[in-house]
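A.B. asks: Please read through the structure below; I'll follow up with questions.
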Amino acid sequence: MMSRRAGILIIALVSLAMMLGLTAYALAVRPVVDQLAPSSPTLFTQLQYPFNASLIPVGEVLTVHSRSWGSEPIENVELWADGQPWDLQAANNATLYEGLFAWQSRSLGDHSLVARTNDATKIPSTSAIVRLNAVLPYEPVVTFQVQQSAGESLESLGKAFGIEPQTLLKLNPQLGDLPVNQPLGRDQLITVQLAGQFTPISNTTSLSPNQASLPADLASLPLATPYDPNTIWFDLQRRFGTASLPLAPEALVGSSNCTTELVFTPKSDAADGFFIYRAGPDQSQFNLVATVAANGSGPQRWQEPAAFGQTLYYVVAFNPAGAATSPVVALNNADSTCSSLQVPHFASLILTPKTAASEVYCYSSLANGPWQRVPNQGFLAPLAGGYDLASALPLSAISASQSWNLECWGWNGSQPQLLGATSTTLNLGQTQAIALDADLFSVQGQLQTATTTQQLPTLSSIAPPTNLRLTTTLDECLQAAPQNDDFWRTACSTNLVAGATVLIWDWNEQACFPTAEGQDCSANANLEGFQVSDRLAGTPLELTRVAAAQRLLFLAPRTTPSATDECLSVRAYRGLAISLDSEVVCLPAFKLAAGSYQLLPSQFQFGAGLAQETVGADCPALPINQSQQTTQTYPYASSLLLLQRYSVAETSCRRYTASWFDGTVSFVLPRLDQTVTSLELTFNRTSEREPVDAAPCNANASLQLGSATQTIAWQSLPASGEIKLTLDQALLDQLGQASAPKLSFMLQAERQLANLNQRCSSELSDFSLKLTVQP
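Numbering follows numbering that gives the first Met the number 0, with no gaps: position 561 of the sequence shown is 560.
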């Protein structure tokens with residue numbers, strides 16, 4: 000029979016086991032925002048085109064290319080522009096969907112595009128934000144200096160170069176108010192500007208955004224209050240509760256006196272609280288900035304300092320049953336007085352352990368958001384009397400106040416030890432003494448707010464990413480993920496199974512740079528993230544950005560030829576400071592389904608030139624040839640101009656002048672694991688001549704791919720209409736030999752002087768390249 004002492008011992012052991020189990024469970028429970036991830040790791044969305052941070056011509060209709068893929072049937076894809084719904088396309092339950100949307104910027108300035116994919120799980124996937132700057136369409140304009148001859152005036156020079164005399168006067172302020180018909184004297188250098196002109200772009204879409212205004216009773220609406228749900232209770236309710244899924248809230252945003260007013264209205268009483276996500280003017284990803292309580296079923300407002308530029312928001316209603324996401328809304332703040340915000344920072348923040356600890360690190364959560372390791376890698380820097388938290392914990396201007404949770408760990412020997420956890424409320428916008436006390440550590444410091452100017456390190460002082468590579472293994476993918484948990488395990492496995500490209504890299508925070516005082520590692524502190532760039536035609540163009548803890552990027556499976564996703568590089572950044580490039584990795588050749596595909600151009604190179612000659616006694620020796628070149632990427636530049644102007648001016652000298660515009664358009668070609676049977680270049684040509692009986696423009700035209708060149712009989716082509724050029728077999732043969740194949744259509748204007756007064760021009764537009772492959 001069991002003794003009483005043995006029974007008590009068994010009860011004690013069982014109780015201890017239960018306590019250890021409950022403790023382990025409590026430590027394993029994730030924050031609520033992680034329990035209810037607003038985007039599913041089995042669904043992914045990317046905007047392939049246009050590139051982030053691109054210039055675009057205002058009013059031109061662009062084809063926006065999205066890719067969505069996942070493990071569940073995709074129902075539809077939405078395109079949002081400037082916080083407004085633009086278009087919706089049904090995906091017909093595909094698991095890989097390519098969206099092509101016609102979108103047009105209707106105003107100058109900043110614009111944003113976001114794609115959102117919905118699948119059978121009803122949890123949307125949102126793409127990174129593509130930010131664009133709409134500007135006036137590109138016009139070829141170049142400036143030269145010419146030496147005028149005796150007797151010439153601004154009026155006669157204007158006739159020679161096709162420029163208004165008053166424009167010449169503005170270009171030459173040294174002439175003062177000289178009458179345009181007055182002789183200039185001799186041998187002066189005069190600045191002239193040669194300008195071509197493209198056909199004006201017309202607005203071809205009737206779509207216009209709907210703009211809802213903030214409610215008239217805004218001031219009477221209750222302010223949202225911070226909410227810190229109990230993670231253990233929430234997890235138990237999520238596992239065993241019976242709550243119903245909340246409906247997505249409505250959201251509106253505006254600003255007044257440099258203060259953002261975000262108003263959101265629940266559509267049901269089921270929500271326990273709301274997550275508020277924001278992407279600032281210089282950000283391409285949404286970040287959680289606040290968790291607030293439901294506070295009934297009526298509308299409530301949330302405030303923060305309004306940044307100058309365009310800021311995007313969305314609101315997520317949540318309860319233990321799940322989450323529902325509002326539409327994206329945009330705040331376009333053009334008030335320049337908001338460009339200098341009060342930025343909070345810790346003037347000092349020292350952590351002092353109460354027990355022996357050789358190395359210390361912490362986890363921090365602001366506004367009940369995701370927990371982040373402090374610092375990202377390594378350990379806190381030691382200071383006299385403790386460890387420096389201030390330099391490892393940056394803040395930004397977010398709201399009047401926000402909660403701050405801190406949990407810290409220390410190494411004592413070979414094992415980490417939990418030093419405890421503590422929390423407080425940070426009152427941003429004012430000076431605040433910080434005094435926190437936990438079980439085995441304390442924190443002392445001061446929070447201050449000041450208008451500061453960021454001191455940027457030099458370009459190379461941030462350590463660049465290294466060992467950029469592709470992976471096809473789950474282990475390598477998880478090693479590059481921010482956390483080795485179920486979310487990232489599902490994300491990695493979903494992409495690997497779907498045939499997506501998984502790009503990973505390394506980054507060493509301890510890669511310091513030598514200075515006169517020794518090694519400097521300061522530039523690596525508080526890294527914000529990594530910028531992934533496409534090496535389109537050799538020029539880095541930003542594709543997307545990822546957080547500092549993330550050393551990987553998923554790229555959609557390739558099903559159509561594209562200039563994007565071919566060769567990539569990565570740079571580390573903090574604010575406006577950016578590192579050098581990593582290695583360049585080019586994706587392997589891939590196999591297309593048999594058929595024909597259309598490619599758009601990648602780059603335009605514009606050439607302009609001027610030739611002069613004078614005849615007569617005692618005439619100045621003029622430069623015979625001057626030329627300039629300018630390179631622009633598509634779609635900011637989308638047309639090629641061939642222009643020739645000849646003139647003869649009679650003064651005391653006879654001046655012959657010829658000026659021209661010409662150029663090159665290039666296509667970056669995909670590297671294919673199959674035979675290309677044909678390539679056909681198509682463009683439209685419109686021509687003008689002055690006078691109407693003048694000779695058409697003469698030029699040398701050719702196609703070049705690798706080391707092969709194909710001459711085009713330019714004079715035999717029609718002066719107007721659609722033109723198709725089929726590439727010779729010699730050029731097709733180059734596709735299998737070039738590591739980065741690029742097709743260039745080169746047009747060189749005739750560059751000889753002529754005894755003529757005439758002008759001719761041809762505008763070449765709507766370039767596309769038809770690529771046909773066999774199985």
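Note that CB positions come from ideal geometry on N, CA and C, so glycine has one too.
With 16 as the cutoff for other CB atoms within 10 Å, does E260 come out buried or exposed?
C.D. replies: Working through the sequence shown from its first residue, we reach residue 260 at position 261. Result: buried.
A.B. asks: Curious, which full-length alpha helix (DSSP H) runs of at least 4 residues does the stretch 66-143 contain?
C.D. replies: Counting only runs of 4 or more, we get nothing.
A.B. asks: Could you pull out every residue in the same chain whose Cβ sits closer than 7 Å to the Cβ of L551, ignoring the five residues on either side in sequence?
C.D. replies: Locating residue 551 in the sequence shown gives position 552, where the first residue counts as 1. Only C476, A479, A480, V501, L502, I503 meet the Cβ criterion.
A.B. asks: Use the C-beta contact count for P774: other C-beta atoms within 10 angstroms, 16 or more gives buried, fewer gives exposed.
C.D. replies: Here residue 774 refers to the residue found at position 775 when the sequence shown is read from its first residue. It counts as exposed.
A.B. asks: Please look up how many angstroms separate the CB atoms of S658 and R670, rounded, as I've assumed it's under 8 Å.
C.D. replies: Reading the sequence shown from its first residue, position 659 is the one you call residue 658. Reading the sequence shown from its first residue, position 671 is the one you call residue 670. Not a contact, Cβ separation roughly 40 Å.
A.B. asks: Name the two residues that bound the continuous beta strand (DSSP E) containing W403.
C.D. replies: On the sequence shown, residue 403 is found 404 positions in, with the first residue counted as 1. Unbroken beta strand (DSSP E) run through W403: 401-411.
A.B. asks: Taking the beta carbon of W102 as the centre, do at least 16 other beta carbons fall within 10 Å, making it buried, or is it exposed?
C.D. replies: Counting from 1 along the sequence shown, the entry for residue 102 is found at position 103. Looking at its Cβ environment, which holds 16 or more other Cβ atoms inside 10 Å, W102 is buried.
A.B. asks: For my contact list, A127 and Q284 are in at a C-beta cut-off of 8 Å; report their separation, rounded to the angstrom.
C.D. replies: Here residue 127 is taken as the residue at index 128 of the sequence shown, counted from 1. Here residue 284 is taken as the residue at index 285 of the sequence shown, counted from 1. With 8 Å as the limit, A127 and Q284 qualify as a contact, their Cβ atoms being about 6 Å apart.
A.B. asks: Taking the continuous beta strand (DSSP E) assigned at F603, which residues delimit it?
C.D. replies: Here residue 603 is taken as the residue at index 604 of the sequence shown, counted from 1. Segment 602-614, the beta strand (DSSP E) holding F603.
A.B. asks: Would you mind stating whether C257 and A333 have Cβ atoms separated by less than 8 Å?
C.D. replies: Translated into the one-based positions of the sequence shown, residue 257 becomes position 258. Translated into the one-based positions of the sequence shown, residue 333 becomes position 334. Taking 8 Å as the Cβ cut-off, C257 and A333 do not qualify as a contacting pair.
A.B. asks: Which residues mark the beginning and the end of the beta strand (DSSP E) in which G308 is found?
C.D. replies: Here residue 308 is taken as the residue at index 309 of the sequence shown, counted from 1. Residues 308-318.
A.B. asks: Which word fits D533, buried or exposed, when buried means at least 16 other C-beta atoms lie within 10 angstroms of its C-beta?
C.D. replies: Within the sequence shown, the letter at position 534 stands for residue 533. Looking at its Cβ environment, which holds 16 or more other Cβ atoms inside 10 Å, D533 is buried.
A.B. asks: Please report the distance separating the alpha-carbon of Y147 from that of Q673.
C.D. replies: What you label residue 147 is simply residue 148 of the sequence shown in a count that begins at 1. What you label residue 673 is simply residue 674 of the sequence shown in a count that begins at 1. As written in the sequence, residue 147 is Gln, which differs from the Tyr given in the question. Cα to Cα, Q147 sits roughly 59 Å from Q673.
A.B. asks: Hey, is the stretch 564-582 in contact with the stretch 758-765, meaning 3+ C-beta pairs nearer than 8 Å?
C.D. replies: Verdict: no, contact absent.
A.B. asks: For V373 versus S363, is the C-beta distance shorter than 8 Å?
C.D. replies: By one-based count along the sequence shown, residue 373 stands at place 374. By one-based count along the sequence shown, residue 363 stands at place 364. Yes.
A.B. asks: Give the C-beta separation of G150 and S104 to the nearest angstrom, bearing in mind that I take them to be a contact with Cβ-Cβ under 8 Å.
C.D. replies: To locate residue 150, count along the sequence shown from 1; it is residue 151. To locate residue 104, count along the sequence shown from 1; it is residue 105. The pair is not a contact, with the Cβ atoms about 49 Å apart (cut-off 8 Å).
A.B. asks: Since A292 contacts Y226 with CB under 8 Å, what's their CB separation in whole angstroms?
C.D. replies: What you label residue 292 is simply residue 293 of the sequence shown in a count that begins at 1. What you label residue 226 is simply residue 227 of the sequence shown in a count that begins at 1. With a Cβ gap of about 4 Å, A292 and Y226 count as contacting.
A.B. asks: Taking the runs of the beta strand (DSSP E) that are 3 residues or longer, which of them lie wholly in the stretch 544-580?
C.D. replies: Qualifying beta strand (DSSP E) stretches, in chain order: 551-554, 566-573.
A.B. asks: On the criterion of 16 or more Cβ atoms from any shown chain inside 10 Å, does Q453 qualify as buried, or is it exposed?
C.D. replies: The residue you call residue 453 lines up with position 454 of the sequence shown. Reliability of the predicted coordinates at Q453 is poor, the pLDDT of 39 falling under 50, and no value is obtained from them.
A.B. asks: Secondary structure at L477, three-state DSSP: helix, strand or coil?
C.D. replies: Here residue 477 is taken as the residue at index 478 of the sequence shown, counted from 1. L477: helix per DSSP, three-state reduction.
A.B. asks: Taking 8 Å as the cut-off, does the stretch 43-56 touch the stretch 104-123 (at least 3 CB pairs, one atom from each stretch)?
C.D. replies: Taking 8 Å as the limit for Cβ pairs, the verdict is that the stretch 43-56 does touch the stretch 104-123.
A.B. asks: According to DSSP, simplified to helix, strand and coil, what is I231?
C.D. replies: Along the sequence shown, one-based indexing puts residue 231 at 232. Looking at I231 - three-state DSSP - the assignment turns out to be helix.
A.B. asks: Using the C-alpha atoms, what's the distance from F660 back to Q714?
C.D. replies: Residue numbering aside, residue 714 sits at position 715 when the sequence shown is read from its first letter. Residue numbering aside, residue 660 sits at position 661 when the sequence shown is read from its first letter. Those two C-alpha atoms are separated by around 17 Å.
A.B. asks: Would V664 and P600 be called neighbours here (beta carbons separated by less than 8 Å)?
C.D. replies: Residue mapping note: residue 664 aligns to position 665 of the sequence shown, counting from 1. Residue mapping note: residue 600 aligns to position 601 of the sequence shown, counting from 1. Their beta carbons are under 8 Å apart, which means V664 touches P600 by this criterion.
A.B. asks: Identify, in the order they occur along the chain, each residue of the same chain with its Cβ nearer than 6 Å to the Cβ of A588, setting aside the five sequence neighbours on each side.
C.D. replies: Translated into positions along the sequence shown, residue 588 becomes position 589. Contacts found: R670, L671, D672.
A.B. asks: Hey, does Y276 have any beta-carbon neighbour from chain C nearer than 8 Å?
C.D. replies: Of the protein chains in this structure there is only one, and it is not chain C.
A.B. asks: By Cβ distance, which residues of its chain are closer than 6 Å to E77, with the 5 residues on each side in sequence left out?
C.D. replies: Within the sequence shown, the letter at position 78 stands for residue 77. The residues are L87, R115.
A.B. asks: Return helix, strand or coil for N286, following the three-state DSSP convention.
C.D. replies: Position 287 of the sequence shown, counted from the start, is the residue given in the question as residue 286. Of the three classes helix, strand and coil, the one that applies to N286 here is strand, per DSSP.
A.B. asks: Given C566, which residues of its chain have a CB within under 6 Å of its CB, disregarding the five upstream and five downstream residues?
C.D. replies: Position 567 of the sequence shown, counted from the first residue, corresponds to residue 566. Same-chain partners within the cutoff: R534, V583, C585.
A.B. asks: If the criterion is Cβ atoms closer than 8 Å, does the pair N507 and F553 meet it?
C.D. replies: Sequence index remark: in the sequence shown, residue 507 carries index 508 (1-based). Sequence index remark: in the sequence shown, residue 553 carries index 554 (1-based). It is not a contact, given that the beta carbons lie outside the stated cut-off.
A.B. asks: Just mark F239 as buried or exposed, buried being the case when its beta carbon has 16 or more other beta carbons within 10 Å.
C.D. replies: Taking the first residue of the sequence shown as position 1, residue 239 is located at position 240. With fewer than 16 Cβ atoms within 10 Å of its Cβ, F239 is classed as exposed.
A.B. asks: So, at 6 Å on beta carbons, what are the nonlocal neighbours of G253 in its own chain, with the 5 sequence-adjacent residues on each side left out?
C.D. replies: One-based indexing of the sequence shown puts residue 253 at position 254. Answer for G253: L213, E260, listed in chain order.
A.B. asks: Can you name, in chain order, every residue of its own chain whose Cβ lies under 6 Å from the Cβ of F605, other than the five neighbours on each side?
C.D. replies: Position 606 of the sequence shown holds residue 605. Closer than 6 Å at the Cβ level, and outside the excluded window around F605, lie P139, T629, G662.
A.B. asks: By a C-beta neighbour count over all protein chains shown, 10 Å radius and 16 as the cutoff for buried, is L417 buried or exposed?
C.D. replies: Here the question's residue 417 lines up with position 418 in the sequence shown. Answer is exposed; the Cβ neighbour count stays below 16.
A.B. asks: For S719, which residues in the same chain have their Cβ closer than 7 Å to its Cβ, ignoring the five residues on either side in sequence?
C.D. replies: Translated into positions along the sequence shown, residue 719 becomes position 720. Correct list, in chain order: R684, T685, S686.
A.B. asks: Would L641 and L734 be called neighbours here (beta carbons separated by less than 8 Å)?
C.D. replies: Your numbering for residue 641 matches position 642 in the sequence shown. Your numbering for residue 734 matches position 735 in the sequence shown. No, they are not a contact pair.
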